[in-house]
Amino acid sequence: MSILQRLEAAWNRYDSVSFAGAFAEDANFIHIFGGQLDGRPAIEAAHRNIFETIYRGSHASFALRTIRFLRSYSHEHR
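3 is the number of the first residue of the sequence shown in the working numbering; add one for each residue after it.
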């Protein structure tokens, strides 16, 4: 199961623990209003809150549009 499928399945079960589990322990998550959640515990708590309130009864369907890979650059010292 891909990460996107895991997130979608967790959302549709309103499972904040599984949703947050797809992220690194020290992840930074930018939510739809532009605020930042720092760390898996914050991601889990915020999603638990929305699953119990404003997104209760919602259904998510995620689609991958593009991937941008991070590259590391090494600099030679002369």
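Idealized CB from N, CA, C, for every residue including glycine.
{"Asked": "6 Å CB neighbourhood of N51 in its chain, flanking five on each side removed", "Found": "none"}
{"Asked": "Proximity below 8 Å, CB of F21 to CB of L6", "Found": "no"}
{"Asked": "Closest residue to F35 among A48, R15 and A29 (Cα-Cα distance)", "Found": "A48"}
{"Asked": "Buried or exposed by the 16-neighbour rule on C-beta atoms within 10 Å, applied to R70", "Found": "exposed"}
{"Asked": "Boundaries of the beta strand (DSSP E) in which F31 is found, first to last residue", "Found": "N30 to I32"}
{"Asked": "Per DSSP, the bridge partner or partners of D40", "Found": "N30"}
{"Asked": "R42 vs E27 beta-carbon contact at 8 Å", "Found": "yes"}
{"Asked": "Straight-line gap, R67 to Q38 (C-alpha atoms, nearest Å)", "Found": "22 Å"}
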